[in-house]
Every structure is written in structure tokens, then in C-alpha cells.
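Q:
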Amino acid sequence: MESPRKPYIYEAIISFLFLIVIMGVGIVGFGSDPHIPMLIGTAFVALMAIRLGYKWQDIEQGMINGIIQALQSVIILAIIGVLIGVWLLSGVVPTMIYYGLNIISPTIFLVATVLICSITSIATGTSWGTAGTIGIALMGVAKGLNIPAPIAAGAIISGAYFGDKISPLSDTTNLAPAMAGTDVFTHAKYMIKSNSITYIITIIFFLVIGFRFGGKNVDLSAIEQIQSGLYASFNISPMLLLPPIIVIILVAKKMPAIPGIFVGVILGMIFAPIFQGANLGNILSASYSGYVSETGIATIDELLTAGGLEGMMYSISLTIIAMMFGGIMEKTGQLEVIVNALLKRIKGVGGLVTLTTATCVASNITMPEQYISIVVPGRMYAKTYREKGLHPKTLSNVLESAGTITAPLIPWNTCGAFMYSVLGVSATSYGKWAIMNYSTPILVIVLAFMGSKLVIEKIEDDPETIIATAD
């Protein structure tokens with residue numbers, strides 16, 4: 038029997054173009070979730086595989102191989118769903134937010150906004166949830182200070198996305214290392230190195246801008262209402278900061294991600310009855326279905342109604358479908374011919390990082406969903422990074438620094454559209470003020486050409502944290 042043939046470049050391009058079109062029509066045209074367009078794209082690339090001479094058994098094996106590569110990420114996402122539910126129930130997340138809101142001050146309002154949104158996003162693992170709740174309240178405070186809405190929105194988005202990018206509770210923070218081939222804690226710790234530079238730049242920028250609006254009386258009633266609501270609904274205590282501190286210590290001691298996160302789950306389950314009077318039924322319910330906040334304050338209830346294993350199924354299902362697409366593309370050699378064509382004029386690590394960055398941004402523009410800007414480039418370049426002796430965390434850092442963080446800068450991307458809907462400011466207006474979001478990919482490229490270990494690390498430097506391959 039004839040063996041499957043190697044795809045022509047135009048066939049691989051057609052597969053990607055079909056995905057781009059169906060994603061664009063579904064998400065931008067009809068406002069749908071990306072799952073079904075992604076599934077239709079997977080069906081199309083399977084038909085292309087048949088055209089290339091592959092049997093169904095081979096196509097199915099390609100999908101399965103793709104899913105296997107993401108299984109650790111899927112397990113971690115499931116456990117994190119449970120973690121968020123019990124940390125909300127036990128008061129851990131509310132305590133972090135409560136103390137974070139204490140740093141509000143009119144003179145340093147913009148800096149405080151970045152810090153508060155960072156803390157909230159780290160605690161909840163969601164930039165969307167942060168912007169849609171705390172962000173809305175901070176926009177109201179900014180109005181009272183006569184701070185232009187685009188500047189305030191830029192500070193909110195900068196802080197929210199920084200926290201989202203380094204939070205082990207974030208789905209994208211788990212997805213990027215899964216695509217590259219390392220673990221979430223290795224990825225998060227490595228990202229802090231380069232991202233701390235742009236974060237400091239962001240803080241200094243908003244500190245300087247903020248002095249223009251300092252010294253004015255401001256109505257902090259919206260913030261005080263949130264704090265009062267948290268204090269009335271939860272037993273707020275510094276002791277509730279212990280679970281995240283212990284998890285951070287375990288990470289520093291290089292405990293693997295799954296047991297490290299599960300320790301946080303156990304601590305949350307222990308603290309829930311001690312501090313909030315929860316019973317076993319409450320704990321089990323929050324673990325599966327998520328925590329339901331009923332404080333009567335809309336901002337708090339929207340932010341704190343989250344978590345649970347069930348709540349992570351959106352991200353888990355999309356990851357599985359996306360890996361089915363990537364698995365077929367890899368199995369049939371379609372990814373390989375596209376990458377080879379792109380790499381012909383690329384020389385050196387700096388060029389590779391630049392190409393990866395450009396691919397992530399292009400994905401955000403053409404397939405307007407941040408998950409896809411991580412999955413597609415991740416599967417495209419994982420093998421190339423390894424062949425050049427680069428540690429997978431080098432790739433995962435680029436994926437998040439160019440994929441996740443640039444998504445809200447695209448008006449028609451799901452992230453840009455969401456930020457407009459909750460903050461009332463378009464991406465074209467707040468874009469230049471979202472310092473963190475556009476300076477991060479630029480800095481990564483610059484550091485890559487310099488050969489800095491802040492963004493470039495070899496496999497031999499940390500071989501123990503390579504947990505998957507693209508083969």
C-alpha cells in the first residue's frame with residue numbers, strides 16, 4: 038500500500054486559512070465561543086490528512102498524541118478549579134483582595150490601581166474577572182479624580198494581565214507551558230524575571246502620570262463598599278494568607294506542580310470550617326460547582342462567584358479540541374512545512390523569538406482568541422526550540438509575553454471586546470496606556486537578541502523541568 042505523502046506548502050496554508058476564517062466568522066461575526074469553530078477546523082484538517090493518504094487510524098492517533106501532550110495541563114487546570122472554589126469559600130481570596138484595597142491613595146491612585154489589579158488577578162487567576170469587577174470600581178474612582186478613562190483603563194489592564202500571567206491559577210499560565218513542554222511553576226518563575234522589568238517600568242510610568250492628579254479629594258465610597266462587604270461576609274484574618282504563602286514556599290523548594298497545588302486545596306479545606314464555619318457539604322459543593330457569593334453587593338458577587346472543577350471545563354474542553362487540531366497538523370507534517378518555510382530567512386535565537394512573537398500577535402489578529410495564540414504557535418515552534426537546544430520555558434515565556442498579553446490590544450479580539458464592554462473604553466483608546474501589554478513583547482525580543490538569560494535558557498541549564506516533547 039502507498040505511504041502518505043508529504044504535504045505541499047499550499048495545502049498546509051489552506052488548513053490554517055480555513056481555521057482562521059471559521060474562527061473569525063464564529064467569534065467576530067457571531068460572538069460564539071471558540072470551541073465549535075475550533076472543532077470544525079479540526080474536522081477540515083482531518084479531511085486534508087485523508088487527501089494526503091492517511092488512514093483514519095493514523096489521524097485518530099495524531100489527535101490522541103496531541104491530547105496526551107496536554108494532559109498534565111488538564112489535570113492541573115482541574116485541581117486549580119477546586120483550589121479556587123475552596124480558597125473563595127475559606128476566605129483566602131477575599132482576604133488577599135481586602136488587604137490589597139488598603140493601598141488606595143489619591144496621590145498614587147494609578148500605581149495603586151496597577152498593584153490592586155495585580156493582586157486580585159494573582160489571587161483569582163483571571164484578568165477578565167479583575168477588570169470586570171475591581172476594575173469597574175476603580176474606573177469610578179478615576180472619574181472622581183478627573184483622570185481620563187483611557188489612562189485608568191490602561192493601568193487596570195496592565196495590572197490585571199501581569200497578575201494573570203504569573204498566577205498559577207490562570208488557565209493561560211497553565212496552557213503555555215503545556216504547549217512548550219515544561220511545568221507551570223517553572224514557567225511562572227521564569228516569566229517573573231523578564232516581566233519584572235516591564236512591571237517596574239509600568240509602575241514608574243503611572244507614578245509620574247499620577248502626580249498630575251494627586252492632592253485632590255476623591256470619593257472612595259465604591260472601594261470602601263467592597264471592603265465593607267468583604268469584611269461583613271467573611272472572617273478576614275492575616276492567617277488566611279498562609280495557604281498561598283505555603284504554596285509559594287513549596288514552589289521555591291521545587292515541589293512538582295500537582296502535589297504543590299493540592300497542598301493548597303487541603304489547606305483551604307481545613308481553613309474553611311475554622312474561619313468561615315463551612316461544613317463538609319459546603320466544601321464539596323465549592324470544590325465541584327464553585328463558590329457562589331451572596332453578599333448582595335454586585336461587584337463582590339460577580340468577582341467571587343467562581344471556581345470549582347465544573348468551572349474549569351470551558352478551558353479544559355478548549356485545550357483538548359485545540360490539541361486535536363495540533364495533533365493532526367503534527368502527524369501529517371503540515372506544521373513542519375509551514376515552520377520550515379518561515380524559518381528559511383530566520384537566523385539566530387533572536388530571530389526565532391521575533392518570529393514566535395509575530396506569530397502570536399498574528400494569531401490574536403486573525404484567530405481572535407488568546408487561547409489559540411498560545412496553542413497554535415506553541416505547537417508550531419516547540420520542536421524547533423528543542424532542536425536549537427533551548428529550554429521549553431524559553432518558548433512558554435514568549436507565548437505568554439506575546440500571545441496572552443497582546444490580546445486586549447486587538448479591538449476585535451475576544452479580550453479587547455470584553456475590556457471595552459466592562460470598562461467602556463475601546464482598545465484603540467486605552468492601547469497606548471496599557472504599558473505592560475505592549476512593552477513586554479518588545480523587551481523579550483530585545484533581550485533575546487542580546488542573548489540574555491532573562492529570556493533565553495538552554496536545555497542543559499535546567500533539564501529536570503522538561504516534562505513533554507512534541508514528538
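With the working numbering, letter number 203 in the sequence shown gets 240, and the count goes up by one each step, no holes. C-beta: ideal position from N, C-alpha, C; glycine also.
Ignoring anything shorter than 4 residues or poking outside the stretch 316 to 379, list the alpha helix (DSSP H) runs there in chain order.
A: 317 to 326, 335 to 341, 350 to 368
Q: Apart from the five residues just before and just after residue 104, which ones in its own chain have a Cβ nearer than 6 Å to its Cβ?
A: Excluding residues within five positions, the ones whose Cβ falls inside 6 Å are 357, 360.
Q: Give every residue of the same chain whose Cβ lies closer than 7 Å to the Cβ of residue 414, excluding the five residues on either side of it in the sequence, and list them in chain order.
A: Same-chain partners within the cutoff: 393, 396, 397, 400, 436, 440.
Q: Take residue 75 and list the residues in its own chain whose beta-carbon comes closer than 8 Å to its own, dropping the five residues that flank it on each side.
A: 56, 60, 355, 358, 359, 362, 409
Q: Check this for me: beta carbons of residue 474 and residue 227, under 8 Å apart or not?
A: no
Q: What is the C-beta distance between residue 327 and residue 345, in whole angstroms, given that I count them as a contact (C-beta under 8 Å)?
A: 3 Å
Q: For residue 282, count neighbouring Cβ atoms within 10 angstroms of its own Cβ and tell me buried if that reaches 16, exposed if not.
A: exposed
Q: Report the residue ranges of all alpha helix (DSSP H) runs contained in full by the stretch 193 to 227; include only those spanning at least 4 residues, in chain order.
A: Listed in chain order, they are 208 to 217.
Q: Output the distance between the C-alpha atoms of residue 465 and residue 478, rounded to the nearest integer angstrom.
A: 18 Å
Q: Express the C-alpha separation of residue 331 and residue 203 in angstroms, rounding to a whole number.
A: Distance between the alpha carbons of residue 203 and residue 331: 29 Å.
Q: Taking DSSP's pairing of strands, which residues face residue 495 in a bridge?
A: 427
Q: Between which residues of its own chain and residue 573 is the CB-CB distance below 6 Å, once the five residues before and five after are set aside?
A: Lying outside 38 to 508, the shown extent of the chain, residue 573 is not represented and no answer is given.
Q: For residue 272, which option in 494, 124, 220 has the closest C-alpha, if you only look at C-alpha atoms?
A: 124
Q: Quick one: grab the DSSP three-state call for residue 503.
A: strand
Q: Excluding the five sequence neighbours on either side, which residues of its own chain have a C-beta within less than 8 Å of the C-beta of residue 301, listed in chain order?
A: 120, 124, 280, 281, 283, 284
Q: Got a sec? Which residues, its chain only, sit under 7 Å from residue 65 by beta carbon, not counting five neighbours each side?
A: 405, 449
Q: How many whole angstroms separate the CB atoms of residue 411 and residue 213, which I take to be in contact at a CB cut-off of 8 Å?
A: 5 Å
Q: Determine the direct distance from the alpha carbon of residue 260 to that of residue 138, and round the result to whole angstroms.
A: Near 7 Å, if we compare the C-alpha coordinates of residue 260 and residue 138.
Q: Just to confirm, is the Cβ distance from residue 493 to residue 329 under 8 Å?
A: no
Q: Rounded to whole angstroms, what's the CA-CA distance from residue 315 to residue 126? Just pull it up for me.
A: 8 Å
Q: What's the gap between the Cα of residue 498 and the Cα of residue 428?
A: 8 Å
Q: Check this for me: beta carbons of residue 211 and residue 114, under 8 Å apart or not?
A: yes
Q: If we count Cβ pairs, one from each stretch, closer than 8 Å, do we get three or more for the stretch 226 to 242 versus the stretch 295 to 310?
A: By the criterion of at least three beta-carbon pairs nearer than 8 Å, the stretch 226 to 242 is not in contact with the stretch 295 to 310.
Q: Tell me the rounded alpha-carbon separation between residue 52 and residue 130.
A: 43 Å
Q: Is DSSP giving residue 292 helix, strand or coil here?
A: coil
Q: In the structure shown, what three-state DSSP assignment does residue 485 receive?
A: helix
Q: Report all residues from its chain with a CB closer than 6 Å to the CB of residue 438; omit the five preceding and five following residues, and keep chain order.
A: 477, 478, 481
Q: Residue 180 lies in the alpha helix (DSSP H); which residues open and close that run?
A: 171 to 181
Q: For residue 229, which of helix, strand or coil comes out of DSSP?
A: In this structure, residue 229 counts as helix in the three-state DSSP scheme.
Q: Would you grab the beta carbon distance between residue 201 and residue 209 for me? Rounded to a whole angstrom, and I think it's under 8 Å.
A: 7 Å
Q: When DSSP labels each residue in this structure, what does residue 469 get in the three-state scheme?
A: It is helical.
Q: Are there 16 or more other CB atoms within 10 angstroms of the CB of residue 423, so buried, or fewer, so exposed?
A: With a threshold of 16 other beta carbon atoms within 10 Å, residue 423 meets it and is buried.
Q: Measuring CA to CA, which of 97, 166, 222 is closest to residue 342?
A: 166
Q: Would the C-beta of residue 419 count as close to the ligand NAD, meaning under 7 Å from any of its heavy atoms?
A: Within the structure as shown, the ligand NAD is missing, as the structure has no ligands at all.
Q: Return yes when the Cβ of residue 340 is within less than 8 Å of the Cβ of residue 170, no when it is not.
A: Contact annotation: residue 170 and residue 340 have beta-carbon atoms nearer than 8 Å.
Q: In this structure, does DSSP put residue 392 in helix, strand or coil?
A: helix
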